[in-house]
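Q: Protein chains in written order, with the UniProt record's numbering: chain A, 1 to 311; chain B, 1 to 311.
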DNA sequence: CGACATCCATGCCGTCAGGTTATGGATGCA
DNA sequence: TGCATCCATAACCTGACGGCATGGATGTCG
């Protein structure tokens, strides 16, 4: 009689995709396994959830009823997990902060330093996330706050403060014909293969391919897919393709074989600090956000900068 | 990363009992199994949920956070299951009605007949529940409506219409000294062993032992525990004890070896129809409730009876 | 009309999660 | 000191569940 939330996640995936095979690969299980899970759920509920057909899996009436309720259930589970983990960290006097590679770059140190002055008893644990985890652990309660490039998937369900905005630059193999240029236009890169983030990251992936700055008849060519900064830099250095990056990457990820060139024709990129609405009243998280705003308000140069107005 | 709702149910039981051993028997699993489940949940969440001690299991801070959220999660799961099953029955053109043995008795046939006239296309499936299932399947979505003796556990979370009220009578072995009496007082039964419902039914069990009509220094003696009408009648006929029953039981459960005698000094008993709040707008359930009220309004004798005032 | 592609179901098998029983260690209590 | 209580651990066993390979149904296209 006990409906496992794992079955509900599978159900939700199949309901959304309308297709077992695709849902299976989205969930990283085999298609027969998913067939069995759905069967099991149907038997557990005593109800037929899908009508199987050549075209795929279509929801029945009861299936729609369940699909309508599933988000509530999964959200309740996620909330419970998130709050429990957060309470655990609070008890251990730890604030865990997730960040995506090259999110806050040099600002990060200033933020942590400022927070350390505000909350001497607390330890900040920084967690670097792969690009395939675009909320850097915020979604599953692994972290209390995250430093992210904006926009990120699910942004509307979190609180976000924008911290800073910077140009995007092109990252090229040093052997590339354009690598010596002082500046270039994004149009010159239309036909280059790009090093992309995993396609599961959706808008994030598209954003760093700048698909919006391309004509429809010049689709992006993918030279390689990487999930980590070092993979990414290696792929570029090896000539598999080029990429866009925030300007600060030139300072943080300088290495032999890779060149950074300012580029016109793509919008700048912003970094924000994000947290869960449930932590709105959490004084530690609030202090961390204050530290973020303060640190970037002071400017990246640190103590020599003059204080500016923070909210 | 996936928190199974079964683990949450286990967690909730341990949190409530504050004791692994007792929680284990409440959940019908062994104590080591529960130990492992709690350990697993703690590992999954990366948090210590209980402080173990000689005295039992006490919640930690994160444990309290989880305990605060668990009811939401379980309620969401139960709602989802209930609504899905209900949708399945609606699609199959079936209204499933649970009833406890001797709940509505003769009224039941009138109700079903009336409903059949209102909704010719629908089939009513009657499900008799054991006493150990005091909501007759309403709680787990097995049925759309239930005919129950009032009060029942969890009554506040459902909609209830009272249908009829009747005297309670004593049920005695025919060989019993009091069996020939035209009438007796409940005090005369204080020292008799009673045939009880399973103790897990709590208030329901107490109600039919009429513990409220007894002095504190005369605790009830239990002669046997039964979960079904036939077990119950057999136990009485075999002289294991006596019992209370609604007056209509004398007509519905008359059999050799069992005598029914009106009894003074215990409150009468009511029957109600109950349904889930989620079905408030469900036209089929509403019609069924109307049929219930109509049928008892007409009186149990059927078309010859004169209309009486319903609740 | 037949080869093919797509999509879901089934059979078989190996692994491991999760249950049970039996037992151990810690700790109050008589 | 022996006992009772309570949780943890060990050893073992069953079966749930996932993966692979394959089958059946059904559109599609050359």
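Glycine residues also receive a C-beta, built at the ideal position from the N, C-alpha and C atoms. Values in this document were obtained by computation on a predicted structure and should not be read as measured data.
(1) Strictly below 8 angstroms CB to CB, what residues from chain B border residue 91 (chain A)?
(2) For residue 20 (chain B), which residues from the same chain have a beta carbon less than 7 angstroms from its beta carbon, with the 5 sequence-adjacent residues on both sides left out?
(3) Looking at C-beta atoms only, is the number of pairs between the region 38-46 of chain A and the region 37-50 of chain B that lie closer than 8 angstroms three or more?
(4) For residue 73 (chain B), would you say it is in contact with chain A, using Cβ-to-Cβ distances shorter than 7 angstroms as the test?
(5) Following the continuous beta strand (DSSP E) through residue 115 (chain A), name the residue where it begins and the one where it ends.
(6) DSSP on residue 169 (chain A), reduced to helix/strand/coil?
(7) Less than 7 angstroms between the C-beta atoms of residue 47 (chain A) and residue 88 (chain B), yes or no?
(8) From residue 286 (chain A) to residue 135 (chain B), what distance separates their C-alpha atoms?
(9) Kindly say whether residue 27 (chain A), judged by its beta-carbon, lies nearer than 7 angstroms to any beta-carbon of chain B.
(10) Label residue 238 (chain B) either buried or exposed according to how many other C-beta atoms from any shown protein chain fall within 10 Å of its C-beta, with 16 as the threshold for buried.
(11) Give me, in chain order, the residues of the same chain whose beta-carbon lies closer than 6 angstroms to that of residue 206 (chain A); leave out the 5 immediate sequence neighbours on both sides.
(12) Taking the alpha carbon of residue 111 (chain A) as the reference point, which residue from A:101, A:72, A:124 has its own alpha carbon closest?
(13) Closer than 8 angstroms between beta carbons: that is the criterion. Which residues of the region 109-130 of chain B meet it against chain A?
(14) Assuming contact is defined by CB atoms lying nearer than 7 angstroms, are residue 236 (chain B) and residue 173 (chain B) in contact in what I supplied?
(15) Which of helix, strand or coil does DSSP assign to residue 66 (chain B)?
(16) Would you verify that the beta carbon of residue 147 (chain B) is, or is not, closer than 7 angstroms to some beta carbon of chain A?
(17) Does the distance from the C-beta atom of residue 296 (chain B) to that of residue 147 (chain B) stay below 7 angstroms?
(18) Would you report the Cα separation of residue 133 (chain A) and residue 51 (chain B), rounded to the nearest angstrom?
(19) State the Cα-Cα distance for the pair residue 311 (chain B) and residue 212 (chain B), rounded to the nearest angstrom.
(20) Using a Cβ-Cβ distance cut-off of 7 angstroms, determine whether residue 88 (chain A) contacts chain B.
(21) Kindly indicate if chain B contains any beta-carbon less than 7 angstroms away from that of residue 35 (chain A).
(22) When we look at the beta-carbon of residue 28 (chain B) and count the other beta-carbons within 10 Å, is it buried (16 or more) or exposed?
(23) Any idea what DSSP makes of residue 207 (chain B), helix, strand or coil?
(24) Give the single residue among A:82, A:260, A:149 whose Cα lies nearest to the Cα of residue 180 (chain A).
(25) State the Cα-Cα distance for the pair residue 22 (chain B) and residue 175 (chain B), rounded to the nearest angstrom.
(26) Can you list the residues of chain B that residue 46 (chain A) reaches, using a CB-CB cut of under 8 angstroms?
(27) So is residue 3 (chain A) in contact with chain B if we call contact Cβ pairs under 7 angstroms?
(28) Note down, in chain order, each residue of its chain lying with its Cβ closer than 8 angstroms to the Cβ of residue 191 (chain B), except the 5 sequence neighbours on either side.
A: Quick answer:
(1) Mapped onto the first chain, residue 91 (chain A) falls at position 91. Here the neighbours are 60, 61, 62.
(2) Sequence index remark: in the second chain, residue 20 (chain B) carries index 20 (1-based). Excluding positions up to five away in sequence, the list reads 14, 31, 34, 35, 57.
(3) no
(4) Stepping through the second chain from its first residue, residue 73 (chain B) is reached at position 73. Chain A contact via Cβ: present.
(5) Here residue 115 (chain A) corresponds to residue number 115 of the first chain, with the count starting at 1. First-last for residue 115 (chain A): 107-118, but that is the alpha helix (DSSP H), not the beta strand (DSSP E).
(6) Mapped onto the first chain, residue 169 (chain A) falls at position 169. Looking at residue 169 (chain A) - three-state DSSP - the assignment turns out to be strand.
(7) Numbered from its first residue, the first chain carries residue 47 (chain A) at position 47. Numbered from its first residue, the second chain carries residue 88 (chain B) at position 88. Yes; because the gap between Cβ atoms is below 7 angstroms, this pair is in contact.
(8) Sequence index remark: in the first chain, residue 286 (chain A) carries index 286 (1-based). Sequence index remark: in the second chain, residue 135 (chain B) carries index 135 (1-based). Approximately 47 angstroms between the Cα atoms of the pair.
(9) Start at 1 with the first residue of the first chain, and residue 27 (chain A) comes out as number 27. It does not: the Cβ of residue 27 (chain A) has no partner Cβ on chain B nearer than 7 angstroms.
(10) Taking the first residue of the second chain as 1, we reach residue 238 (chain B) at position 238. Exposed is the call here.
(11) Taking the first chain and counting its residues from 1, the one referred to as residue 206 (chain A) is at position 206. Taken in chain order, the list of residues that qualify is empty.
(12) Taking the first residue of the first chain as position 1, residue 111 (chain A) is located at position 111. When each option's Cα is compared against that of residue 111 (chain A), the closest is A:124.
(13) Contact annotation: in the region 109-130 of chain B, no residue has its CB less than 8 angstroms from a CB in chain A.
(14) As a first step, residue 236 (chain B) is located in the second chain; it is residue number 236 there, counting from the start. As a first step, residue 173 (chain B) is located in the second chain; it is residue number 173 there, counting from the start. A contact, by the Cβ cut-off of 7 angstroms.
(15) The residue given as residue 66 (chain B) occupies position 66 in the second chain. When DSSP states are grouped into helix, strand and coil, residue 66 (chain B) belongs to the helix group.
(16) As a position in the second chain, residue 147 (chain B) is number 147, starting the count at 1. Cβ-Cβ to chain A under 7 angstroms: no for residue 147 (chain B).
(17) Counting from one through the second chain, the residue named residue 296 (chain B) turns up at place 296. Counting from one through the second chain, the residue named residue 147 (chain B) turns up at place 147. Cβ atoms of residue 296 (chain B) and residue 147 (chain B): not closer than 7 angstroms.
(18) Here residue 133 (chain A) refers to the residue found at position 133 when the first chain is read from its first residue. Here residue 51 (chain B) refers to the residue found at position 51 when the second chain is read from its first residue. In a straight line, the C-alpha of residue 133 (chain A) is about 33 angstroms away from that of residue 51 (chain B).
(19) Taking the second chain and counting its residues from 1, one reaches residue 311 (chain B) at position 311. Taking the second chain and counting its residues from 1, one reaches residue 212 (chain B) at position 212. Residue confidence is low: residue 311 (chain B) scores 34 on pLDDT, short of 50, so the model does not pin down where it sits. Its coordinate-derived value is still stated next. Residue 311 (chain B) and residue 212 (chain B): Cα-Cα distance of roughly 25 angstroms.
(20) By one-based count along the first chain, residue 88 (chain A) stands at place 88. Yes, residue 88 (chain A) lies at the interface with chain B (some Cβ there is under 7 angstroms from its Cβ).
(21) Translated into the one-based positions of the first chain, residue 35 (chain A) becomes position 35. Closer than 7 angstroms: no.
(22) Taking the second chain and counting its residues from 1, one reaches residue 28 (chain B) at position 28. That one is exposed.
(23) Position 207 of the second chain, counted from the first residue, corresponds to residue 207 (chain B). In the structure shown, residue 207 (chain B) sits in a helix (DSSP, three-state: H, G or I).
(24) Position 180 of the first chain holds residue 180 (chain A). A:260 is the residue among A:82, A:260, A:149 whose C-alpha sits nearest the C-alpha of residue 180 (chain A).
(25) Counted from its first residue, the second chain places residue 22 (chain B) at position 22. Counted from its first residue, the second chain places residue 175 (chain B) at position 175. When rounded, the distance between both Cα atoms is 41 angstroms.
(26) What you label residue 46 (chain A) is simply residue 46 of the first chain in a count that begins at 1. Those within 8 angstroms of residue 46 (chain A) in chain B are 85, 88.
(27) Working through the first chain from its first residue, we reach residue 3 (chain A) at position 3. At a cut-off of 7 angstroms between beta carbons, residue 3 (chain A) contacts chain B.
(28) Position 191 of the second chain holds residue 191 (chain B). Closer than 8 angstroms at the Cβ level, and outside the excluded window around residue 191 (chain B), lie 218, 221.
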